[in-house]
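A quick write-up on the structure given underneath.
Residue numbers (the working numbering): 5 to 136.
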């Protein structure tokens, strides 16, 4: 995930991220989905409301299935954060990861309802962590 200016802050994978950003910037479209190959992976890229999201998948995996997972995840994030912004992803990374974990188990999508996982996250927000 990176912003529309192509700036990123993850140091260990800086070169890979920079190359992926350059490739996605060459696509020159406002919103939409793209599929392209990068090294030994296929990249599923989606731009939605200024957020660029990419999934790296194996060449054997279905790109449309991954795109579907990505779109449901974006719907969930929009439902939870009303609407999702870059800062929401940065400062609430635990909730973003929790929503993705509710959608996927072992790399397979288990939750197809776009509203269900957020209700679990909202419930988790209400319940105190130090519950006796």
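Backbone N, C-alpha and C fix where the C-beta goes; we use that ideal spot for every residue, glycine too.
- In the displayed model, residue 112 falls within a strand according to three-state DSSP.
- From the listed residues 59, 101, 36 and 91, the smallest Cα separation to residue 46 is found for 59.
- Bridge partners of residue 57 according to DSSP: 50.
- If the five residues before and after residue 38 are omitted, its C-beta is found closer than 7 Å to the C-beta atoms of 31 and 49, all from its own chain and listed in chain order.
- In its chain, beyond the 5 residues on either side, 88, 100 and 103 have a beta carbon closer than 7 Å to the beta carbon of residue 81.
- Rounded to whole angstroms, the separation of the alpha carbons of residue 71 and residue 63 is 14 Å.
- With a cutoff of 8 Å on beta-carbon distance, residue 105 and residue 78 are scored as not near each other.
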